[in-house]
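*Asks:* Okay, here's the structure, questions in a sec.
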Amino acid sequence: MDTGRAANGTVASETPSVPDAWQHPCVVPTPSAPTAPGDGRAFGDLVAPYRRELHLYCYRMLGSLTDADDVLQDVLLAAWRGLDGFAGRSSLRTWLYSIATRRCLNAVRGRGRRARHELVPPFRPPEPSRRGDVPWLQPYPDAELARDDGPAELHERRETVSLAALAALQRLPPRQTAALVLCDVLGFPVADAAGMLDVTPTAAKGLLQRARAASAPAVTGGAGSATELRWAARFAEAYTRDDVDGLVALLTDDAWLAMPPAPHEYVGRDAVAGFLRASRDGRAGRRFLLVPTRANGQPAWGCFLDRPGAAPTPVGIVVVTVDDSGIRGVTRFLDPALVDRFGVAGPR
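Okay, structure coming up:
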């Protein structure tokens, strides 16, 4: 059994605990590491303006919320220990991103050395249309996107963390991902990105150009638009009623269903309908219950399975991709721990 990986397939943290004063606000606190009186709080105040954006950077690099939580703690611990060596030749923000870039690249390399547990559904599913190539993908809570942005900045931020955009980043070589995010999303000069990646500016420019050429813009509906909300409401109603025909009627012709970390993906209305019917029949009358939230700038729900005479069981997070013509994609993240991580309370 692989002890270096959690049940959801993400990288298990081996990072020592960091002081509570500079934990990411949505990461469960751990016991404080030894510090001189006041050191932890002073450092927490120093890095507080950057914690949220560093966490989002780690998520963009790794595609996994759980891994981003772990690596952020690793980044902060490394920065805390190395602060005396910070010479001030760059800004504090640039220095922190240098550490984060190295730690993320290390995490990606470590992930490739670990065996991946493949989920087996409790029923016989139909043959999938294809196997997903980013099984470690996890959703990101909209509540953790920067809260001080204006509407235009928040819209742009949500677009760059859409599930389609995140999956595209994960398909790039890691150094290309870093160059693209650092320069095109975060606005760092190529020279700064080169320093973070420990390459020449010419090499960094090459990484950026190749990443741009390989990345197609994601097409999604307007986040929170009336059209999006209408499609989402109709989806939730049909989903909780196990109305497969009603669900299929909402899908575009090329719609897909994915279920990370399970690799099975179904493409097209008929294929999606076949899986949904098999899932419904395998639950022996037990229904899914949905509690609304948002993830990656998209409609999402905490998903629970009802239990007669007991509290519903958390199952994971469901996210839909919507455009003006209907539901283009349904992603069911099969990890019960994500429900708590999103702060979604069970249905009453």
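Numbering (full-length UniProt numbering), first residue to last: 1 to 348.
Beta carbons: idealized from backbone N, C-alpha and C, even for Gly.
Going straight from the alpha carbon of L257 to that of G326, what length do you get?
*Replies:* As a position in the sequence shown, residue 257 is number 257, starting the count at 1. As a position in the sequence shown, residue 326 is number 326, starting the count at 1. Each residue's alpha carbon lies about 14 Å from the other.
*Asks:* Quick check on this structure: which residue in L62, A249, D45 has the alpha carbon closest to the alpha carbon of Y140?
*Replies:* As a first step, residue 140 must be located in the sequence shown, where it is residue number 140. Comparing Cα positions, the closest option is L62.
*Asks:* Comparing alpha-carbon positions, which option in Q170, V272, P261, V319 lies nearest D253?
*Replies:* Within the sequence shown, residue 253 is the residue found at index 253, counting from 1. Checking every option, the nearest Cα to that of D253 belongs to V272.
*Asks:* List the residues that DSSP assigns as beta-bridge partners of Q298.
*Replies:* For the purposes of this step, residue 298 is taken as residue 298 along the sequence shown, with counting starting at 1. A295.
*Asks:* Using the beta-carbon count (16 or more within 10 Å), is T331 buried or exposed?
*Replies:* In the sequence shown, residue 331 corresponds to position 331, counting from 1. T331 is buried by the Cβ-count criterion.
*Asks:* Is the beta carbon of Y59 sitting closer than 8 Å to the one on Y97?
*Replies:* Taking the first residue of the sequence shown as 1, we reach residue 59 at position 59. Taking the first residue of the sequence shown as 1, we reach residue 97 at position 97. For Y59 and Y97, no; Cβs fall outside 8 Å.
*Asks:* Can you grab the Cα-Cα spacing for the pair A68 / R212, in whole Å?
*Replies:* Translated into positions along the sequence shown, residue 68 becomes position 68. Translated into positions along the sequence shown, residue 212 becomes position 212. Rounded to whole angstroms, A68 to R212 spans 24 Å at the Cα level.
*Asks:* Please report how far the alpha carbon of L46 lies from the alpha carbon of G40, in whole angstroms.
*Replies:* As a position in the sequence shown, residue 46 is number 46, starting the count at 1. As a position in the sequence shown, residue 40 is number 40, starting the count at 1. About 10 Å.
*Asks:* With a threshold of 6 Å on Cβ separation, who are the neighbours of A7 within its own chain once the five nearest residues in sequence on each side are excluded?
*Replies:* The residue labelled residue 7 in the question sits at position 7 within the sequence shown. Low local confidence applies: a pLDDT of 39 at A7 is under 50, so the model's placement there is unreliable, and no value is given.
*Asks:* Tell me the residue span of the alpha helix (DSSP H) that contains T125.
*Replies:* For the purposes of this step, residue 125 is identified with residue 125 of the sequence shown, where counting begins at 1. The sequence shown places Pro at residue 125, not Thr. Premise fails: P125 is in no alpha helix (DSSP H) and is neither H nor E.
*Asks:* Hey, out of L186, V190, L83, whose CA is closest to A42's CA?
*Replies:* Taking the first residue of the sequence shown as 1, we reach residue 42 at position 42. Considering only alpha carbons, the answer is L83.
*Asks:* Return the chain-ordered ranges of every beta strand (DSSP E) run that is complete within the segment 245–301 and spans a minimum of 3 residues.
*Replies:* Fully enclosed beta strand (DSSP E) runs of 3 or longer: 251–259, 262–267, 288–295.
*Asks:* Quick check on the DSSP output: the alpha helix (DSSP H) that includes D74 runs from which residue to which?
*Replies:* Taking the sequence shown and counting its residues from 1, one reaches residue 74 at position 74. First-last of the alpha helix (DSSP H) with D74: 65–82.
*Asks:* Just list the residues that DSSP pairs G326 with in beta bridges.
*Replies:* Within the sequence shown, residue 326 is the residue found at index 326, counting from 1. Looking at the DSSP assignment, G326 forms a beta bridge with D323.
*Asks:* What residue from L145, F123, L65, V108 has the CA that sits closest to R52's CA?
*Replies:* Reading the sequence shown from its first residue, position 52 is the one you call residue 52. Of L145, F123, L65, V108, the residue nearest in Cα terms is L145.
*Asks:* Please return the same chain residues whose Cβ sits closer than 7 Å to the Cβ of R93, not counting the five positions on each side in sequence.
*Replies:* Position 93 of the sequence shown, counting from 1, holds the residue named residue 93. Around R93: Y50.
*Asks:* How is A311 classed by DSSP in three states: helix, strand or coil?
*Replies:* Residue numbering aside, residue 311 sits at position 311 when the sequence shown is read from its first letter. Of the three classes helix, strand and coil, the one that applies to A311 here is strand, per DSSP.
*Asks:* Check G44 in the structure and name its three-state DSSP category.
*Replies:* Start at 1 with the first residue of the sequence shown, and residue 44 comes out as number 44. Reduced to three states, the DSSP call for G44 is helix.
*Asks:* Between the C-alpha atoms of H264 and G329, what's the straight-line distance to the nearest angstrom?
*Replies:* As a first step, residue 264 must be located in the sequence shown, where it is residue number 264. As a first step, residue 329 must be located in the sequence shown, where it is residue number 329. Roughly 14 Å between the two C-alpha positions.
*Asks:* Within 10 angstroms of its Cβ, does R294 collect 16 or more other Cβ (buried), or is it exposed?
*Replies:* By one-based count along the sequence shown, residue 294 stands at place 294. Result: buried.
*Asks:* Is the separation between the beta-carbon of V319 and that of L163 shorter than 8 Å?
*Replies:* Indexing the sequence shown from 1 puts residue 319 at position 319. Indexing the sequence shown from 1 puts residue 163 at position 163. Going by C-beta atoms, V319 is nearer than 8 Å to L163.
*Asks:* Using a Cβ-Cβ cutoff of less than 7 Å, which residues in the same chain neighbour M259 once the five nearest sequence positions on both sides are dropped?
*Replies:* Working through the sequence shown from its first residue, we reach residue 259 at position 259. Within the same chain, M259 has close Cβ partners R332, L334.
*Asks:* Alpha carbon to alpha carbon, how far is N296 from A226? Give it in angstroms, no decimals.
*Replies:* By 1-based counting over the sequence shown, the position of residue 226 is 226. By 1-based counting over the sequence shown, the position of residue 296 is 296. Taking the straight line from one Cα to the other gives about 18 Å.
*Asks:* Within its chain, find whatever has a CB closer than 6 Å to the CB of V339; leave out the 5 residues flanking it on each side and keep chain order.
*Replies:* Counting from 1 along the sequence shown, the entry for residue 339 is found at position 339. If we look at V339 and ignore the five residues flanking it on each side, its Cβ neighbours are G302, P314.
*Asks:* My guess is that A179 and L166 are in contact by the Cβ rule of under 8 Å, so how many angstroms apart are they, rounded?
*Replies:* Here residue 179 is taken as the residue at index 179 of the sequence shown, counted from 1. Here residue 166 is taken as the residue at index 166 of the sequence shown, counted from 1. Wrong, their Cβ atoms sit about 16 Å apart, outside the cutoff.
*Asks:* Whole angstroms is fine: what's the gap from R175's alpha carbon to R269's?
*Replies:* On the sequence shown, position 175 is the one that residue 175 refers to. On the sequence shown, position 269 is the one that residue 269 refers to. Straight-line Cα distance between these residues: approximately 37 Å.
*Asks:* Please check the pair V244 and R280, which I expect to be a contact at CB under 8 Å, by giving their CB distance rounded to whole angstroms.
*Replies:* Stepping through the sequence shown from its first residue, residue 244 is reached at position 244. Stepping through the sequence shown from its first residue, residue 280 is reached at position 280. That belief holds up - the Cβ atoms of V244 and R280 are roughly 6 Å apart, short of 8 Å.
*Asks:* Pull up the distance between the alpha-carbon of A33 and that of S90, whole angstroms please.
*Replies:* Counting from 1 along the sequence shown, the entry for residue 33 is found at position 33. Counting from 1 along the sequence shown, the entry for residue 90 is found at position 90. Low local confidence applies: a pLDDT of 40 at A33 is under 50, so the model's placement there is unreliable, and no value is given.
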